[in-house]
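Peer 1:
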Amino acid sequence: RNSQLSTMSTVNNVNNGNCQQWQLLTVSFSVLSNKMKEIGKIIDLSQKQTDEGLCTHVESLVGVPFDIKRAYWIYDVPKGESRGGHAHKRLRQVIIAVKGSFIVNLDDGHQKKQYLLDCPDKGLLIDTKIWRTLDDFSEGAVCLVLASELYDPDDYLYDYNDFIEYIHHV
Ligand code: TYD
Numbered sequence: 162r163n164s165q166l167s168t169m170s171t172v173n174n175v176n177n178g179n180c181q182q183w184q185l186l187t188v189s190f191s192v193l194s195n196k197m198k199e200i201g202k203i204i205d206l207s208q209k210q211t212d213e214g215l216c217t218h219v220e221s222l223v224g225v226p227f228d229i230k231r232a233y234w235i236y237d238v239p240k241g242e243s244r245g246g247h248a249h250k251r252l253r254q255v256i257i258a259v260k261g262s263f264i265v266n267l268d269d270g271h272q273k274k275q276y277l278l279d280c281p282d283k284g285l286l287i288d289t290k291i292w293r294t295l296d297d298f299s300e301g302a303v304c305l306v307l308a309s310e311l312y313d314p315d316d317y318l319y320d321y322n323d324f325i326e327y328i329h330h331v
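Residues are numbered in our numbering as their position in the sequence shown, beginning at 1, plus a constant of 161.
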């Protein structure tokens, strides 16, 4: 079946104060009849407002549904550059646009979903075995990643074909 003809897309706008998040879902008709696994999930993070400004905080298993073992942040991404381009075998993560905006493209091998992240009080939960790329970084954007595992190069699938083979054999 021609995959170009067997997909449909929906756009979901999520207005949140000054944020203009949106989600774009592209689903293959071949998986519509099956129970679809959620591909990415937006998590509301707690936000405390005082006269002195805003504060958003998370803890292991509070706001983030796993034990946070590692945090890293991506910044100074040159215009037009793309990050990611891999999937993880065991690692789960939450991605937060703590400053600026960028697009996260997710692919579980059956369906693709794009998220615009531009809210410091929203996190995008990405499960294991999801191919992701991040692009369209605004100038000065900072991407905070909270991860369920320590850094382990063996947990990465860097080749898309290896990823597809992996998800069909585990
Ligand atoms: P990488 O995961 O490839 O970045 P991205 O997926 O966001 O494009 O990481 C870039 C480099 O940093 C790579 O050489 C691995 C190294 N790195 C660590 O040493 N520890 C870490 O926790 C992370 C995330 C990356």
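For every residue, glycine included, the Cβ atom is placed at its ideal position computed from N, Cα and C. Quick caveat, the model's predicted, so the values are computed rather than measured.
How would you label residue 323, buried or exposed, when you count the other beta carbons within 10 angstroms and need 16 or more for buried?
Peer 2: Within the sequence shown, numbered from 1, the residue matching residue 323 stands at position 162. When all chains shown are included, residue 323 counts as exposed.
Peer 1: Compute every distance between the C-beta of residue 366 and the non-hydrogen atoms of the ligand TYD, then say whether any falls below 7 Å.
Peer 2: Within the shown structure, residues of the chain are numbered from 162 to 331, placing residue 366 beyond reach of any answer.
Peer 1: Can you give me the C-alpha to C-alpha distance between residue 296 and residue 309, rounded to a whole angstrom?
Peer 2: Against the sequence shown, residue 296 aligns to sequence position 135. Against the sequence shown, residue 309 aligns to sequence position 148. Near 23 Å, if we compare the C-alpha coordinates of residue 309 and residue 296.
Peer 1: Is any non-hydrogen atom of the ligand TYD found closer than 7 Å to the C-beta of residue 251, if you look at the structure I gave you?
Peer 2: Mapped onto the sequence shown, residue 251 falls at position 90. Result no, Cβ not under 7 Å from the ligand TYD.
Peer 1: Report yes if the CB atom of residue 274 is closer than 8 Å to the CB atom of residue 184, and no otherwise.
Peer 2: Sequence index remark: in the sequence shown, residue 274 carries index 113 (1-based). Sequence index remark: in the sequence shown, residue 184 carries index 23 (1-based). Against a cut-off of 8 Å, the Cβ pair of residue 184 and residue 274 comes out as a contact.
Peer 1: Could you round the C-beta distance between residue 285 and residue 328 to whole angstroms and report it? I think they count as a contact, below 8 Å.
Peer 2: For the purposes of this step, residue 285 is taken as residue 124 along the sequence shown, with counting starting at 1. For the purposes of this step, residue 328 is taken as residue 167 along the sequence shown, with counting starting at 1. About 20 Å separates the two Cβ atoms, so there is no contact after all.
Peer 1: Quick one: does the C-beta of residue 235 sit closer than 7 Å to a heavy atom of the ligand ADP?
Peer 2: Among the ligands in the structure shown, the ligand ADP does not appear; only the ligand TYD can be found there.
Peer 1: Among 307, 279, 319, which has the Cα closest to the Cα of residue 223?
Peer 2: Position 62 of the sequence shown holds residue 223. Residue 223 has its Cα closest to that of 307, out of 307, 279, 319.
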